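> 63 is the number that the numbering used here gives to position 29 of the sequence shown; each next residue is one higher, with no gaps.
Glycine included, each C-beta is placed from N, C-alpha and C at the ideal position.
Bear in mind that the values here come from a model prediction, so they are computed numbers and not experimental data.
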Amino acid sequence: MKVSLDSLDEEIKKALEDYNVEVVRVTNESIKEAAKEAAKTLKNGGPYKNRTGAYAKDWTAGQREKKKSVVQIQGYTVYNKDHFQLTHLLEYGHQSRNGGRAKAFSHIAPLNDQIGEIVASKIESKLRG
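Structure (structure tokens):
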């Protein structure tokens, strides 16, 4: 493709805008996939005793806002639809009725620590290949 010196700046600008659109698309796609994977991981249960399975099966991932941010990146939240009250109690433990403490079952924090690396690796692999 031949480009004259006068229109070189326009061609570079167009190429960068096209690349930006692709990066935003891949980033949004990767964030959505990672959020769904996180919800699936939490649905598989954790170190806590799963008596009825209701807590584990209610994990889901949803888009935070319908509008996008200034940089066009969509936000997703992984949350427990019906048993949201238990997340903090299971994650950090709590005082029991008889004055003792209920054991903490850290199941959200480890996943939260890994999710950034998962998203970054997904974006990198999609942009490379």
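Expressed to the nearest angstrom, what Euclidean distance is found between the alpha-carbon atoms of alanine 136 and glutamate 125?
Approximately 11 Å, taken between the alpha carbons.
> Out of Lys66, Pro81 and Pro144, which one is the CA nearest neighbour of glycine 96?
Nearest of Lys66, Pro81 and Pro144 to glycine 96, Cα basis: Lys66.
> Ordered along the chain, which non-local residues of its own chain (more than five positions away) have a Cβ less than 6 Å from that of alanine 69?
Ala95, Tyr110 and Val112.
> Can you find the residues in the same chain that come closer than 8 Å, C-beta to C-beta, to alanine 90, ignoring five residues on each side of it along the sequence?
Within the same chain, alanine 90 has close Cβ partners Leu76, Lys77, Asn78, Gly79, Gly80 and Asn84.
> Are there 16 or more other CB atoms within 10 angstroms of the CB of isoleucine 107, so buried, or fewer, so exposed?
The residue in question, isoleucine 107, is exposed, as its Cβ has fewer than 16 Cβ neighbours within 10 Å.
> How should serine 155 be labelled, buried or exposed, when 16 other C-beta atoms within 10 angstroms of its C-beta is the threshold for buried?
Label assigned to serine 155: exposed.
> So, under 8 Å CB-CB, asparagine 62 and tryptophan 93 are touching, yes? Tell me the CB distance rounded to an integer number of Å.
Not quite, the Cβ-Cβ distance comes to about 21 Å (not below 8 Å), so this is no contact.
> Is the Cβ-Cβ distance between aspartate 116 and alanine 88 less than 9 Å?
Cβ distance < 9 Å, so aspartate 116 and alanine 88 count as in contact.
> Whose CA, out of Asn146, Gly163, Glu51 and Ser41, lies closest to the CA of alanine 73?
Of the listed residues, the one whose Cα sits closest to alanine 73 is Asn146.
> Please state if the CB of isoleucine 149 and the CB of valine 60 are separated by a distance shorter than 9 Å.
Not a contact, by the Cβ cut-off of 9 Å.
> Cβ of glutamate 56 within 9 Å of Cβ of leucine 161?
Going by C-beta atoms, glutamate 56 is nearer than 9 Å to leucine 161.
> Valine 104 and valine 58: beta carbons closer than 9 Å?
In this structure, valine 58 does not lie closer than 9 Å to valine 104 by Cβ.
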